[in-house]
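Asks:
There are 2 protein chains.
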Amino acid sequence: MNGRSTHETSETSRPGHPEAGAALVESLARLIEAGQRDAVLAQLAALHPADIAAVLGHVPFEQAQTLFEWMPLALGSEVLCKLGDNFRGRLLADLAPEQIVPLVDSLDTDEAADLLADLPPDKAPEVLASLQDAETVAGLLGYGEETAGGIMATEYVAVSRTWTVAQAREELRRHAERVAEALDVFVVDTRGRLEGSVSLKSLLLSPPDAIIGEIMNPAVVSVHTDVDQEEVARIMDRLDLLSLPVVDSGRRLVGQITIDDVVDVIREEAEEDIQRMSGLSGDEEPTDSLWRMAGLRLPWLLGGLAGAGLAALVVGSFEDALRQAVILAGFIPIVMATAGNVGIQSSAVAVQGLASGDVWADDMPRRLGKEIAVALINGVAAAAVVGLFVMGLSFFADIHNPERLALTAGIALIAVILLAAAIGAAVPLILHRFGIDPALATGPFITTSNDILGVLIFFTLASSIYLP
Amino acid sequence: MNGRSTHETSETSRPGHPEAGAALVESLARLIEAGQRDAVLAQLAALHPADIAAVLGHVPFEQAQTLFEWMPLALGSEVLCKLGDNFRGRLLADLAPEQIVPLVDSLDTDEAADLLADLPPDKAPEVLASLQDAETVAGLLGYGEETAGGIMATEYVAVSRTWTVAQAREELRRHAERVAEALDVFVVDTRGRLEGSVSLKSLLLSPPDAIIGEIMNPAVVSVHTDVDQEEVARIMDRLDLLSLPVVDSGRRLVGQITIDDVVDVIREEAEEDIQRMSGLSGDEEPTDSLWRMAGLRLPWLLGGLAGAGLAALVVGSFEDALRQAVILAGFIPIVMATAGNVGIQSSAVAVQGLASGDVWADDMPRRLGKEIAVALINGVAAAAVVGLFVMGLSFFADIHNPERLALTAGIALIAVILLAAAIGAAVPLILHRFGIDPALATGPFITTSNDILGVLIFFTLASSIYLP
Chain A
0 MNGRSTHETS
10 ETSRPGHPEA
20 GAALVESLAR
30 LIEAGQRDAV
40 LAQLAALHPA
50 DIAAVLGHVP
60 FEQAQTLFEW
70 MPLALGSEVL
80 CKLGDNFRGR
90 LLADLAPEQI
100 VPLVDSLDTD
110 EAADLLADLP
120 PDKAPEVLAS
130 LQDAETVAGL
140 LGYGEETAGG
150 IMATEYVAVS
160 RTWTVAQARE
170 ELRRHAERVA
180 EALDVFVVDT
190 RGRLEGSVSL
200 KSLLLSPPDA
210 IIGEIMNPAV
220 VSVHTDVDQE
230 EVARIMDRLD
240 LLSLPVVDSG
250 RRLVGQITID
260 DVVDVIREEA
270 EEDIQRMSGL
280 SGDEEPTDSL
290 WRMAGLRLPW
300 LLGGLAGAGL
310 AALVVGSFED
320 ALRQAVILAG
330 FIPIVMATAG
340 NVGIQSSAVA
350 VQGLASGDVW
360 ADDMPRRLGK
370 EIAVALINGV
380 AAAAVVGLFV
390 MGLSFFADIH
400 NPERLALTAG
410 IALIAVILLA
420 AAIGAAVPLI
430 LHRFGIDPAL
440 ATGPFITTSN
450 DILGVLIFFT
460 LASSIYLP
Chain B
0 MNGRSTHETS
10 ETSRPGHPEA
20 GAALVESLAR
30 LIEAGQRDAV
40 LAQLAALHPA
50 DIAAVLGHVP
60 FEQAQTLFEW
70 MPLALGSEVL
80 CKLGDNFRGR
90 LLADLAPEQI
100 VPLVDSLDTD
110 EAADLLADLP
120 PDKAPEVLAS
130 LQDAETVAGL
140 LGYGEETAGG
150 IMATEYVAVS
160 RTWTVAQARE
170 ELRRHAERVA
180 EALDVFVVDT
190 RGRLEGSVSL
200 KSLLLSPPDA
210 IIGEIMNPAV
220 VSVHTDVDQE
230 EVARIMDRLD
240 LLSLPVVDSG
250 RRLVGQITID
260 DVVDVIREEA
270 EEDIQRMSGL
280 SGDEEPTDSL
290 WRMAGLRLPW
300 LLGGLAGAGL
310 AALVVGSFED
320 ALRQAVILAG
330 FIPIVMATAG
340 NVGIQSSAVA
350 VQGLASGDVW
360 ADDMPRRLGK
370 EIAVALINGV
380 AAAAVVGLFV
390 MGLSFFADIH
400 NPERLALTAG
410 IALIAVILLA
420 AAIGAAVPLI
430 LHRFGIDPAL
440 ATGPFITTSN
450 DILGVLIFFT
460 LASSIYLP
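Chains as they are written, first to last, in numbering that gives the first Met the number 0: chain A, 0 to 467; chain B, 0 to 467.
1) How big is the Cα-Cα spacing for B/Pro-298 and A/Gly-329?
2) Give the straight-line distance between the Cα atoms of A/Ala-411 and A/Thr-459, rounded to the nearest whole angstrom.
3) With H, G and I counted as helix, E and B as strand and the rest as coil, what does DSSP make of A/Ile-435?
4) Identify the contact partners of B/Leu-297 in chain A, using a Cβ-Cβ distance below 7 angstroms as the criterion.
5) In whole angstroms, give me the CA-to-CA distance for A/Gly-148 and A/Pro-244.
6) Terminal residues of the continuous beta strand (DSSP E) containing B/Pro-467?
7) Going by C-alpha to C-alpha distance, which of A/Leu-118, A/Ala-396 and A/Pro-71 sits closest to A/Leu-140?
8) Counting contacts by CB-CB distance shorter than 7 angstroms, is A/His-47 in contact with chain B?
9) Note down the Cα distance separating B/Gly-138 from B/Gln-64, rounded to an integer number of angstroms.
10) Whole angstroms are fine: how far does the CA of A/Gly-303 sit from the CA of B/Pro-467?
11) Pull up the CB-CB distance for A/Val-187 and A/Leu-171, whole angstroms please, since I reckon it's below 8 angstroms.
12) In this structure, how does DSSP classify B/Val-39 when only helix, strand and coil are distinguished?
13) Can B/Val-156 and B/Ala-181 be called in contact, C-beta distance under 7 angstroms?
14) List the whole-angstrom C-beta distance separating B/Ser-205 from B/Val-158, where the pair is believed to meet the contact cut-off of C-beta under 8 angstroms.
15) So is A/Pro-59 in contact with chain B if we call contact Cβ pairs under 7 angstroms?
16) Look up B/Asn-400 in the DSSP assignment and say whether it is helix, strand or coil.
17) Decide if B/Gly-254 is buried, meaning its Cβ has at least 16 other Cβ atoms within 10 Å, or exposed.
18) Quick check: A/Ala-347 and B/Ile-273, are their CB atoms within less than 7 angstroms of each other?
19) Under 7 angstroms between the Cβ atoms of B/Val-334 and B/Phe-457?
20) Report yes if the CB atom of A/His-47 is closer than 7 angstroms to the CB atom of A/Val-24, and no otherwise.
21) If you draw a straight line from the alpha carbon of B/Ser-248 to that of B/His-223, how long is it in whole angstroms?
22) Can you find a CB in chain C that lies within less than 7 angstroms of the CB of B/Ser-277?
23) Taking C-alpha atoms, which residue in A/Asp-362, A/Met-390 and A/Leu-238 lies nearest to A/Leu-404?
24) Check whether the Cβ atoms of A/Ala-307 and B/Pro-332 lie closer than 7 angstroms to each other.
25) Spell out the partners DSSP gives B/Arg-192 in its beta bridges.
26) Cβ of A/Gly-352 less than 7 angstroms from any chain B Cβ?
27) Residues of chain B with CB closer than 8 angstroms to the CB of A/Val-78, please, in chain order.
28) Going along chain B, which residues have a C-beta under 7 angstroms from A/Gly-303?
29) Check the Cβ of A/Phe-444 against every Cβ in chain B and list those closer than 9 angstroms, keeping chain order.
30) Could you check whether the Cβ of A/Asp-450 sits closer than 7 angstroms to any Cβ belonging to chain B?
31) So with Cβ pairs under 7 angstroms, would you call A/Gly-453 a contact of chain B?
32) If we ignore side chains and look at the alpha-carbon of each, how far apart do A/Tyr-465 and A/Ala-336 end up?
33) Can you tell me the Cα-Cα spacing of A/Thr-11 and B/Met-235, whole angstroms?
34) Could you pull the start and end residues of the alpha helix (DSSP H) that B/Leu-106 belongs to?
35) Tell me the DSSP secondary structure of B/Asp-183 in three-state form.
36) For the stretch 197 to 220 of chain A, which residues have a beta carbon sitting closer than 7 angstroms to at least one beta carbon of chain B?
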């Protein structure tokens with residue numbers, strides 16, 4: 000892994016930096032137009048594959064295609080691993096299967112499986128069949144993409160408990176090329192069942208004739224291939240593990256997950272949560288086409304619009320009340336904004352607690368109670384502010400019976416805040432209990448339902464307290 | 000690090016699991032009440048420190064204090080590292096400095112510095128002065144909490160390029176206890192300046208008489224102590240590094256950051272982003288008191304309320320228009336919900352792009368253009384839906400001039416969506432350029448300003464298109 004760091008020593012010249020990025024893209028564009036392949040490759044040689052991937056997303060797509068075609072095979076493979084799924088699919092769509100096979104062959108099996116999963120369905124089988132590790136990759140494709148089996152690498156070093164440290168070192172040497180990410184060596188019995196692990200550090204510090212069975216950690220934590228990747232991340236983070244062996248139902252070792260995979264999982268899951276909370280589909284990439292972006296976002300907008308339509312109908316059903324006191328319309332923004340803000344606060348806290356594992360299933364009553372108590376405190380504060388606002392306004396504008404209006408608005412606000420907090424906190428917890436991603440609920444859905452109920456509560460209270 | 004995994008082999012009995020958690024907390028509570036220290040410790044012995052930390056947050060605070068006091072020193076230190084900052088502060092608040100010192104002494108210097116930073120200001124200096132590594136810890140406290148210096152460990156193994164592999168192994172052995180997280184060994188010159196790195200794997204696979212200078216990676220990437228932790232995480236993730244040496248202005252090696260630190264940083268930053276986007280302060284913990292929670296959330300609510308008050312004044316200023324056509328009030332929820340949803344989508348995309356480094360500074364015009372184009376597509380779609388909604392409604396309700404109302408609502412919606420998308424995308428990019436965290440802008444702030452402008456646009460258009 001550290002081999003990659005030979006690509007650069009300074010972090011100030013990376014293309015992400017304002018000036019460097021624009022200048023680089025421009026100079027590459029000129030060279031590509033001029034067909035100067037060697038000059039282009041010379042420029043790319045100074046960059047890390049991750050940076051080249053970033054550059055591809057910043058030049059026109061045709062230039063990205065040319066750049067990619069010009070790259071030597073090994074570099075092309077490394078860059079592919081660093082691209083977003085959609086962009087990678089577009090880039091590979093025009094290549095023939097026989098061009099794709101060598102690119103995939105030079106990847107680790109887990110990366111190969113990821114890449115195959117994104118290939119168009121007409122190409123994937125042909126590419127798969129021609130791979131060197133076709134069988135292993137096909138096996139990996141059988142696991143869910145977000146499970147331990149889906150993210151594990153099948154490259155690992157396994158030794159026997161009866162071996163000496165010297166033998167284990169020799170085994171590691173034999174696999175050094177293939178297993179780039181060796182952080183621990185795993186101990187298996189004759190039937191391949193996991194028995195323990197030995198860290199590289201203890202392999203390095205133990206005498207050559209020490210027996211593996213005596214220096215290994217026999218209480219090694221492992222996960223089954225079906226375990227969700229979020230759970231994998233939590234386990235490794237919680238137990239401070241650098242690598243985690245993955246076993247099948249017979250406790251046979253089938254792969255390993257290393258800490259750098261977990262970094263990717265945590266990033267992905269966090270991005271997914273933010274996207275879902277924001278009414279995005281979770282797989283939008285900056286390089287996607289306009290129509291794809293619009294298509295991914297529209298369903299959420301239309302869902303929100305449907306909810307808003309209901310809120311509009313609620314407002315419409317109080318037309319008489321509005322006719323009597325048109326000033327009530329001014330409270331719609333106040334009620335909606337407050338309901339929305341409180342609902343998002345409570346639901347974000349619930350979603351985070353669930354994501355981090357802080358919230359246990361039996362915590363629900365206690366968590367809800369706490370959210371409602373916090374809402375009551377802040378509801379009273381917000382009611383006081385709005386009440387004072389109405390009273391203050393009555394000195395400048397002609398408001399009928401301002402005391403009663405202030406009272407109505409204050410009571411409505413407390414009720415709305417209590418309800419929004421309860422819904423915001425309860426819905427994620429309930430969804431989680433039914434195995435649905437709670438982040439889905441947090442954004443537009445909770446905001447919309449709180450809007451509708453908020454407007455309903457306000458106008459009902461206004462009709463019975465303020466108007467008669 | 001893997002030593003910790005001896006605590007357990009199965010992941011099904013962890014307290015996070017519904018039944019196990021509740022039962023454990025109950026049984027501990029009974030044992031604590033009965034003063035059965037030994038029985039309590041026997042139960043805790045089966046748990047990982049991270050799980051014990053979780054249990055502390057789930058029992059009443061007085062029981063948590065008792066539990067913590069009963070723990071042996073080493074366990075107490077490990078558990079402390081896994082607690083939230085606020086909770087840890089409360090737990091240590093009642094201890095005398097001479098009780099805190101031994102707990103801190105058994106931590107790595109970076110963890111010790113973190114812990115000291117959370118101590119009450121009247122205790123921290125006294126604890127610091129009594130520490131074994133007082134000088135190092137004091138040095139660490141001088142770095143910003145979210146910089147490379149603030150998260151680095153000063154425990155690392157440094158060797159000379161003239162040494163043999165055997166000598167380097169001996170050095171590693173000497174420091175094995177102190178440096179729990181040795182993934183690479185660093186090469187420094189006689190003045191302590193970083194010259195290269197050697198991975199444990201190549202130390203293990205090279206012959207004992209090989210010279211370090213010949214097997215080291217001379218192009219090792221390092222960061223200065225002042226580099227922001229988010230940038231550190233991006234570099235290590237991008238370059239797939241397991242450890243990153245930290246240097247001072249003279250390029251002298253002063254510490255190392257390991258990949259597990261980065262996992263924490265990514266998690267923290269993602270949580271912070273979600274909290275800021277949701278109108279939370281970013282340092283709320285589930286174990287915080289009601290008043291603290293309420294106090295942390297109230298400013299955001301009051302800010303939202305102030306914005307909503309402005310929107311209410313805008314509505315109020317169109318009182319005459321509303322009196323003429325009270326049906327216009329029904330469009331307030333539609334305009335607000337749509338402006339809010341579009342603004343959040345666009346801003347979340349911008350915030351994520353900035354966080355991941357996908358967005359370069361010179362991308363701004365292109366990104367904005369794309370957001371506005373997507374908004375135009377979805378604006379037209381949303382306008383069509385609302386227009387049809389109005390026309391459909393006119394069959395059931397008495398609506399004056401429904402065609403013109405549908406046209407007004409449609410144009411207003413397109414305008415609102417365009418504006419909301421532009422504001423949502425531009426504000427984070429602008430804030431980022433001025434060095435302010437763009438996530439701050441995403442939640443309540445953008446929603447509120449879009450609400451105000453949305454209502455203003457709608458009523459202005461309604462006054463000039465629909466009413467005359």
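Glycine included, C-beta positions come from ideal geometry on N, C-alpha and C.
Replies: If we stick to the structure as given:
1) Numbered from 1 along the second sequence, position 299 holds the residue referred to as residue 298 of chain B. Numbered from 1 along the first sequence, position 330 holds the residue referred to as residue 329 of chain A. One C-alpha to the other measures close to 22 angstroms.
2) The residue given as residue 411 of chain A occupies position 412 in the first sequence. The residue given as residue 459 of chain A occupies position 460 in the first sequence. Straight-line Cα distance between these residues: approximately 9 angstroms.
3) By 1-based counting over the first sequence, the position of residue 435 of chain A is 436. Here A/Ile-435 sits in coil by DSSP.
4) Translated into positions along the second sequence, residue 297 of chain B becomes position 298. One finds Asn-377 and Ala-380 in chain A with Cβ atoms closer than 7 angstroms to the Cβ of B/Leu-297, taken in chain order.
5) Locating residue 148 of chain A in the first sequence gives position 149, counting from the first residue. Locating residue 244 of chain A in the first sequence gives position 245, counting from the first residue. Cα atoms of A/Gly-148 and A/Pro-244: separation of roughly 10 angstroms, rounded to the nearest angstrom.
6) Along the second sequence, one-based indexing puts residue 467 of chain B at 468. Where B/Pro-467 is concerned, there is no enclosing beta strand (DSSP E), given that its DSSP letter is neither H nor E.
7) Residue 140 of chain A sits at position 141 when you count from the first residue of the first sequence. Of A/Leu-118, A/Ala-396 and A/Pro-71, the residue nearest in Cα terms is A/Leu-118.
8) On the first sequence, position 48 is the one that residue 47 of chain A refers to. True, the Cβ-Cβ gap to chain B drops below 7 angstroms.
9) For this step, residue 138 of chain B is matched to residue 139 along the second sequence. For this step, residue 64 of chain B is matched to residue 65 along the second sequence. Going by C-alpha positions, B/Gly-138 is about 31 angstroms away from B/Gln-64.
10) Start at 1 with the first residue of the second sequence, and residue 467 of chain B comes out as number 468. Start at 1 with the first residue of the first sequence, and residue 303 of chain A comes out as number 304. C-alpha separation (whole angstroms): 31 angstroms.
11) Translated into the one-based positions of the first sequence, residue 187 of chain A becomes position 188. Translated into the one-based positions of the first sequence, residue 171 of chain A becomes position 172. Their Cβ separation, rounded to whole angstroms, is 15 angstroms, which puts A/Val-187 and A/Leu-171 out of contact at 8 angstroms.
12) Position 40 of the second sequence, counting from 1, holds the residue named residue 39 of chain B. In this structure, DSSP gives B/Val-39 a helical state, which the three-state scheme calls helix.
13) As a working mapping, residue 156 of chain B is identified with position 157 in the second sequence. As a working mapping, residue 181 of chain B is identified with position 182 in the second sequence. Yes. Within cutoff.
14) Position 206 of the second sequence, counting from 1, holds the residue named residue 205 of chain B. Position 159 of the second sequence, counting from 1, holds the residue named residue 158 of chain B. About 13 angstroms separates the CB atoms of B/Ser-205 and B/Val-158; that is not less than 8 angstroms, and the two are not in contact.
15) Your numbering for residue 59 of chain A matches position 60 in the first sequence. With 7 angstroms as the cut-off, A/Pro-59 does not count as an interface residue toward chain B.
16) What you label residue 400 of chain B is simply residue 401 of the second sequence in a count that begins at 1. Judged by DSSP in its simplified three-state form, B/Asn-400 adopts coil rather than helix or strand.
17) Position 255 of the second sequence, counting from 1, holds the residue named residue 254 of chain B. Label assigned to B/Gly-254: buried.
18) Within the first sequence, the letter at position 348 stands for residue 347 of chain A. Within the second sequence, the letter at position 274 stands for residue 273 of chain B. With contacts defined by Cβ atoms closer than 7 angstroms, A/Ala-347 and B/Ile-273 form a contacting pair.
19) Along the second sequence, read from residue 1 onward, the residue named residue 334 of chain B stands at position 335. Along the second sequence, read from residue 1 onward, the residue named residue 457 of chain B stands at position 458. Pairing B/Val-334 with B/Phe-457 gives a Cβ-Cβ distance under 7 angstroms.
20) Taking the first residue of the first sequence as position 1, residue 47 of chain A is located at position 48. Taking the first residue of the first sequence as position 1, residue 24 of chain A is located at position 25. One thing to note: A/His-47 has its Cβ no nearer than 7 angstroms to the Cβ of A/Val-24.
21) Your numbering for residue 248 of chain B matches position 249 in the second sequence. Your numbering for residue 223 of chain B matches position 224 in the second sequence. Pairing B/Ser-248 with B/His-223, the inter-Cα distance amounts to about 7 angstroms.
22) Absence of chain C from the displayed structure is noted, the protein chains being A and B.
23) On the first sequence, position 405 is the one that residue 404 of chain A refers to. Minimum Cα distance to A/Leu-404 is reached at A/Met-390.
24) As a working mapping, residue 307 of chain A is identified with position 308 in the first sequence. As a working mapping, residue 332 of chain B is identified with position 333 in the second sequence. With respect to the 7 angstroms criterion, A/Ala-307 and B/Pro-332 are classified as neighbours on the basis of their beta carbons.
25) Position 193 of the second sequence, counting from 1, holds the residue named residue 192 of chain B. BP columns for B/Arg-192 point to B/Arg-251.
26) Along the first sequence, read from residue 1 onward, the residue named residue 352 of chain A stands at position 353. Yes, contact with chain B.
27) As a working mapping, residue 78 of chain A is identified with position 79 in the first sequence. A/Val-78 does not reach chain B, its nearest Cβ partner there being about 12 angstroms away, counting only Cβ pairs nearer than 8 angstroms.
28) Within the first sequence, numbered from 1, the residue matching residue 303 of chain A stands at position 304. What A/Gly-303 touches in chain B: Ala-336, Thr-337 and Asn-340.
29) In the first sequence, residue 444 of chain A corresponds to position 445, counting from 1. What A/Phe-444 touches in chain B, judged by beta-carbon distance under 9 angstroms, is nothing: the nearest beta carbon there is about 11 angstroms away.
30) Numbered from 1 along the first sequence, position 451 holds the residue referred to as residue 450 of chain A. Chain B contact via Cβ: present.
31) Taking the first residue of the first sequence as position 1, residue 453 of chain A is located at position 454. It does not; no Cβ of chain B falls within 7 angstroms.
32) Taking the first sequence and counting its residues from 1, one reaches residue 465 of chain A at position 466. Taking the first sequence and counting its residues from 1, one reaches residue 336 of chain A at position 337. Spanning the two alpha carbons is a distance of roughly 22 angstroms.
33) As a first step, residue 11 of chain A is located in the first sequence; it is residue number 12 there, counting from the start. As a first step, residue 235 of chain B is located in the second sequence; it is residue number 236 there, counting from the start. Residue confidence for A/Thr-11 is low, a pLDDT of 39 falling below 50, so the modelled location carries little weight; the figure read from the coordinates is stated next. Distance between the alpha carbons of A/Thr-11 and B/Met-235 is about 15 angstroms.
34) The residue labelled residue 106 of chain B in the question sits at position 107 within the second sequence. Segment: none, B/Leu-106 is in no alpha helix (DSSP H) and carries neither H nor E.
35) Here residue 183 of chain B refers to the residue found at position 184 when the second sequence is read from its first residue. Of the three classes helix, strand and coil, the one that applies to B/Asp-183 here is strand, per DSSP.
36) If the cut-off is 7 angstroms between Cβ atoms, the stretch 197 to 220 of chain A has Ser-198, Leu-199, Lys-200, Leu-202, Leu-203, Leu-204, Asn-216, Ala-218, Val-219 and Val-220 near chain B.
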